[in-house]
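Single-structure report; data block below.
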Amino acid sequence: AQKITQTQPGMFVQEKEAVTLDCTYDTSDQSYGLFWYKQPSSGEMIFLIYQGSYDEQNATEGRYSLNFQKARKSANLVISASQLGDSAMYFCAMREGRAGTASKLTFGTGTRLQVTL
Amino acid sequence: AAGVIQSPRHLIKEKRETATLKCYPIPRHDTVYWYQQGPGQDPQFLISFYEKMQSDKGSIPDRFSAQQFSDYHSELNMSSLELGDSALYFCASSQRTGAGTQYFGPGTRLLVL
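Residue numbers (this note's numbering), protein chains in the order written: chain A, 1 to 117; chain B, 118 to 230.
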């Protein structure tokens with residue numbers, strides 16, 4: 001079974017609109033972390049936002065927020081007020097095990113977001 | 118703020134040649150990870166080091182080896198290169214405190230001809 005599932009291969013959003021990128025995960029660990037990364041066409045992998053499994057509040061970082069629904073095992077990324085520079089591939093990733101361990105990240109297949117005028 | 122440094126940024130090799138990729142983690146980060154991202158794919162974990170000791174191993178071919186040195190920089194050595202090794206290779210680093218967020222370097226784009 002896939003540990004991280006991103007069901008939207010591609011998404012379009014108009015500039016200044018909000019967009020939600022879906023991510024569901026599968027783990028039997030009680031302690032885990034969920035991350036979103038942005039990969040522009042230039043190739044670098046940029047960290048956006050983190051949610052720990054025990055965090056009760058949804059994470060927010062500027063225009064990014066994470067809609068964490070633990071019972072549904074989903075961790076959707078919400079980008080508000082989209083900008084042209086948000087056009088990129090977005091990866092959801094999971095670290096199994098508690099923070100502070102050198103645990104690998106497992107990535108989803110990504111969602112390519114295109115922001116239009 | 119200082120970021121992860123990788124060198125070289127681009128590398129072209131022939132089949133059966135060897136390649137060495139270098140990674141300099143963010144200062145005071147004690148853990149280094151290597152990932153391989155094939156064209157149109159998601160990154161796949163190769164290997165990680167904590168305090169210069171191998172911590173975890175993923176789908177790293179036997180032809181590849183890696184180590185972390187006393188100054189915390191890491192090198193990924195790749196021998197008998199194959200066409201399928203053409204990929205973007207990322208190094209990431211993290212601290213074992215807080216969320217342990219992995220920060221990625223810009224990657225080394227390897228092309229095997």
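We put the beta carbon where it would ideally sit given N, CA and C, even for glycine. Fair warning: this is a prediction, and the values are worked out from it, not measured in the lab.
Asked, Found
"Does DSSP put L66/A in a helix, in a strand, or in coil?", "strand"
"Do the segment 122 to 140 of chain B and the segment 215 to 230 of chain B touch if we need at least three Cβ pairs shorter than 8 Å?", "yes"
"Mind listing the chain A neighbours of Q255/B? Cutoff is C-beta to C-beta under 7 Å, in chain order.", "Here chain B has residues from 118 to 230 only, and residue 255/B is not among them."
"May I have the straight-line CA-CA distance separating K139/B from P160/B, to the nearest angstrom?", "18 Å"
"Just how far apart, CA to CA, sit G155/B and S41/A?", "14 Å"
"Taking 7 Å as the cut-off, is the beta-carbon of V19/A closer than that to any non-hydrogen atom of the ligand PLP?", "With respect to small molecules bound, the structure shown includes none, and the ligand PLP cannot be examined in it."
"Report yes if the CB atom of G110/A is closer than 8 Å to the CB atom of Q6/A, and no otherwise.", "yes"
"For the beta strand (DSSP E) containing N76/A, name the first residue and the last one.", "S74 to I79"
"Going by beta carbon distance, what residues of the same chain come within less than 6 Å of L193/B, once the five residues before and after it are set aside?", "L138, W151 and A183"
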